[in-house]
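I have placed the structure first, in the form of structure tokens, so that the comments after it can refer back to it.
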Amino acid sequence: MRVEQQSAFVLQARDYRETSLLLEVFTREHGRLGLIAKGAKRAKSPFRGLLAPFQPLRIGWSGKGELGVVTGVEAVSSTLPLAGDRIFFAFYLNELVLRLLHRHDAHQKLFDDYCLSLEGLLVDSGWESILRIFEKRLLAELGYALLLDKTGVRDGELDADTLYRYIPDQGPVPVNGQESQGILLHGSTLKALAAESLQDDESLREAKQLMRSILGIYLNGKPLHSRRLYQQIIAFRNSVAV
Amino acid sequence: MADPQLVDGLKRALSCLPGVGPRSAQRMAFHLLERDREGAQQIVDALSRALERVRRCIRCNSFSEQEMCNICASPKRDASQLCIVESPADMEALEKAAVFGGMYFVLMGHLSPLDGLGPDDIGVDRLLKLVGKNEIKEVILATNLTVEGEATAHFLAELLQQRDIVVSRIAHGVPVGGELEYTDGGTLGHALTGRQEI
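Residue numbers (the numbering used here), protein chains in the order written: chain A, 4 to 245; chain B, 9 to 206.
Here is the structure:
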């Protein structure tokens, strides 16, 4: 099978043999896949410097089975100039896609969401809200959409000021005092997440806790490296702050 | 016929090398045992000597046979400039070019969000201690121009700028003897944004 000129991003590139790269690629039409780029690190390789994360690409490959071989690479534009901490947030998106998408399952809408989120990280100051919205859309695309527009009890209406517990597979349930399961959050946070407009600190914090707990289920409880690294960096900054 | 246990063990040991899979390991094992026993003995000797004597330089973190490596121990080097690189190979490349007279610090890696390599894995503690107690006036961040290298440089710059030190990043652009026509778009972009007044 030979495929050409597919919109794609490299999620992860690892060294392979002397001069080759082993890639995890996210394509619009073919989903996530593994590719080998032979000789990509040679000084005269036409791929050199292109096969890196956050570089919008058109990529072609051949071969069937688990690993294809890269046959052509073109830059659509220059690498997205993610600076500072934005690089860590963008890697977080990559890790979510790497860990949660199955190979060869196409997710065109999610690919577009991924591009939009990266572009958002370039310009927008609300990085937390960008990550939460991507997580919400990712869950929906995988078939695990959150229940955000009604309660999980007899389809009751959500009230912005009421406290709910979000129970996985059931949805938000009004707090009744005895139940201790699930993530505690306000109706307003659920509504804001549904409308994809997380503004205040409270809804950002609650949405983060909700997403962390729900994603944890689908990640089989295994931690995300990029999140842990960012926590380490924050801790390091605080410890050496003069 | 199954391989004898010792041959099997040798193959497994060789496959710990980067880029060596089961097939290459087998080829190497058979070659050493059948055609080049002398070479095999040299590997054994060199490896055991190196394992015994090579350690990390207490100053720059690179490999060294003494407590301090030759560069760090040299009185001719300018101790006010510290160049931070990712690997001993990067340091060697700079040394070969003979363009830098200061000292080095070797991170032995870079921050890698997807592999979980964090500040502790790249010796940041040691770097900060080194910067804290020495007469370093300028730190030059010479990590690779990859996404991870940039992330590492950003993280280190932020930590170092809190002290009274000039922090700089190596320039990137058109290579010497390079023609614009044949230079890739990314490099040209960097060359233009990093342009200098003359």
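Just so it is clear, CB atoms sit at the ideal spot from N, CA and C, and this is done for glycine as well.
Next on the checklist: Using C-beta distances below 8 Å, list every residue in its chain close to A/H107, excluding the 5 sequence neighbours before and after it, in chain order.
Outcome noted: Counting from 1 along the first sequence, the entry for residue 107 of chain A is found at position 104. Hits under 8 Å: H33, G34, R35, L36.
Item to check | Simplified DSSP assignment, three categories, for B/C65 | outcome: Mapped onto the second sequence, residue 65 of chain B falls at position 57. Here B/C65 sits in coil by DSSP.
Next on the checklist: Whole angstroms are fine: how far does the CA of B/S70 sit from the CA of A/P49?
Outcome noted: Your numbering for residue 49 of chain A matches position 46 in the first sequence. Your numbering for residue 70 of chain B matches position 62 in the second sequence. Roughly 33 Å between the two C-alpha positions.
Item to check | Chain-order list of residues whose beta-carbon lies under 6 Å from that of A/Q9 (same chain, five-residue window excluded) | outcome: To locate residue 9 of chain A, count along the first sequence from 1; it is residue 6. The answer, listed in chain order, is T30, E32, I62.
Next on the checklist: Looking only at its chain, what residues have a beta carbon closer than 8 Å to the beta carbon of A/Y147, apart from the 5 residues adjacent to it on each side?
Outcome noted: By one-based count along the first sequence, residue 147 of chain A stands at place 144. Only I217, Y221 meet the Cβ criterion.
Next on the checklist: Considering only the alpha carbon of each residue, which of A/R230, A/G190, A/S80 lies closest to A/G159?
Outcome noted: Here residue 159 of chain A corresponds to residue number 156 of the first sequence, with the count starting at 1. It is A/G190.
Item to check | Contacts around A/V178, its chain only, beta-carbon distance under 6 Å, and the 5 residues preceding and following it disregarded | outcome: Sequence index remark: in the first sequence, residue 178 of chain A carries index 175 (1-based). Excluding sequence neighbours, A/V178 sits near L166, R168.
Next on the checklist: Taking 9 Å as the threshold (beta carbon to beta carbon), is A/N97 in contact with chain B?
Outcome noted: Numbered from 1 along the first sequence, position 94 holds the residue referred to as residue 97 of chain A. For A/N97, the answer is yes, since a Cβ of chain B falls inside 9 Å of its Cβ.
Checklist entry - At what residues does the beta strand (DSSP E) containing A/D18 begin and finish? => result On the first sequence, residue 18 of chain A is found 15 positions in, with the first residue counted as 1. Start and end: 5-19.
Item to check | Element boundaries [alpha helix (DSSP H), containing A/W123] | outcome: The residue you call residue 123 of chain A lines up with position 120 of the first sequence. Note on residue identity: the sequence assigns Gly, not Trp, to residue 123 of chain A. Run containing A/G123: 111-126, per the alpha helix (DSSP H) assignment.
Item to check | For A/G42 and A/V72, the rounded distance between their alpha carbons | outcome: Counting from one through the first sequence, the residue named residue 72 of chain A turns up at place 69. Counting from one through the first sequence, the residue named residue 42 of chain A turns up at place 39. In a straight line, the C-alpha of A/V72 is about 11 Å away from that of A/G42.
Checklist entry - Can you list, in chain order, the stretches of the alpha helix (DSSP H) that have 4 or more residues and sit fully within the region 69-104 of chain A? => result 89-103
Next on the checklist: Using a Cβ-Cβ cutoff of 7 Å, what residues of the region 38-67 of chain A are near chain B? List them in chain order.
Outcome noted: G52, A55, P56, F57
Checklist entry - Does any C-beta atom of chain B lie closer than 9 Å to the C-beta of A/G270? => result Examination of residue 270 of chain A is not possible in this model, given that chain A is present from 4 through 245 alone.
Item to check | Interface positions of the region 182-193 of chain B facing chain A (Cβ-Cβ less than 8 Å), listed along the chain | outcome: D192, G193
Item to check | Beta-carbon contacts of B/G131 that lie in its chain and below 7 Å, excluding the five residues immediately before and after | outcome: Here residue 131 of chain B refers to the residue found at position 123 of the second sequence. Result list for B/G131: N69, L115, M116, in chain order.
Item to check | Within chain B, the residues that A/Q15 reaches when beta carbons sit closer than 8 Å | outcome: On the first sequence, position 12 is the one that residue 15 of chain A refers to. Within chain B, the residues near A/Q15 are L122.
Item to check | Assigned secondary structure, B/Q170 (DSSP; H/G/I helix, E/B strand, else coil) | outcome: Position 162 of the second sequence, counted from the first residue, corresponds to residue 170 of chain B. DSSP places B/Q170 in coil when its eight states are reduced to three.
Next on the checklist: Within 9 Å of any Cβ in chain A, is that where the Cβ of B/D128 sits?
Outcome noted: Within the second sequence, numbered from 1, the residue matching residue 128 of chain B stands at position 120. Yes, B/D128 counts as interfacial toward chain A.
Item to check | First through last residue of the beta strand (DSSP E) which encompasses A/G174 | outcome: Mapped onto the first sequence, residue 174 of chain A falls at position 171. Residues 174-177.
Next on the checklist: Quick check on B/S176: buried or exposed, where buried means 16 or more other Cβ atoms within 10 Å of its Cβ?
Outcome noted: Position 168 of the second sequence, counted from the start, is the residue given in the question as residue 176 of chain B. Its Cβ having fewer than 16 others within 10 Å, B/S176 is exposed.
Checklist entry - Do the region 25-40 of chain B and the region 164-171 of chain B make contact, defined as three or more Cβ pairs closer than 8 Å? => result no
Checklist entry - Terminal residues of the continuous beta strand (DSSP E) containing A/L25? => result On the first sequence, position 22 is the one that residue 25 of chain A refers to. Note, A/L25: beta strand (DSSP E), 23-30.
Checklist entry - Name the chain B residues whose beta carbon is nearer than 7 Å to that of A/G87? => result Translated into positions along the first sequence, residue 87 of chain A becomes position 84. The contacting residues are H162.
Item to check | Reference A/E122; option with closest CA among A/R231, A/L227, A/I90 | outcome: For the purposes of this step, residue 122 of chain A is taken as the residue at position 119 of the first sequence. The residue with the shortest Cα to Cα distance from A/E122 is A/I90.
Checklist entry - In terms of alpha-carbon separation, which member of B/S95, B/E94, B/C80 lies closest to B/S2? => result Outside the shown range of chain B (9 to 206) lies residue 2 of chain B, about which nothing can therefore be said.
Checklist entry - For A/L251 versus A/G129, is the C-beta distance shorter than 9 Å? => result Summary: the structure shown does not reach residue 251 of chain A, with chain A confined to residues 4 through 245, and so no result is reported for it.
Checklist entry - Can you round the beta-carbon distance between B/E100 and B/H118 to whole angstroms, since I take them to be within the 8 Å contact cut? => result Along the second sequence, read from residue 1 onward, the residue named residue 100 of chain B stands at position 92. Along the second sequence, read from residue 1 onward, the residue named residue 118 of chain B stands at position 110. 17 Å between Cβ atoms; not a contact.
Item to check | DSSP beta-bridge partners of B/D86 | outcome: Here residue 86 of chain B corresponds to residue number 78 of the second sequence, with the count starting at 1. Paired residues: B/G110.
Next on the checklist: Counting only beta-carbon separations shorter than 9 Å, does A/L70 have a partner in chain B?
Outcome noted: In the first sequence, residue 70 of chain A corresponds to position 67, counting from 1. So no, A/L70 is outside the interface.
Next on the checklist: Check whether chain B comes within 9 Å of A/L218, counting only Cβ atoms and requiring the distance to be less than that.
Outcome noted: Locating residue 218 of chain A in the first sequence gives position 215, counting from the first residue. A/L218 does not count as touching chain B.
Item to check | Start and end residues, alpha helix (DSSP H) containing B/H39 | outcome: As a working mapping, residue 39 of chain B is identified with position 31 in the second sequence. Looking at the DSSP string, the run of the alpha helix (DSSP H) that includes B/H39 is 30-42.
Checklist entry - What is the DSSP secondary structure of B/P96, reduced to helix, strand or coil? => result As a working note, residue 96 of chain B is residue 88 in the second sequence. Helix.
Checklist entry - Does any CB atom of chain B fall closer than 9 Å to the CB of A/E209? => result As a working mapping, residue 209 of chain A is identified with position 206 in the first sequence. So no, A/E209 is outside the interface.
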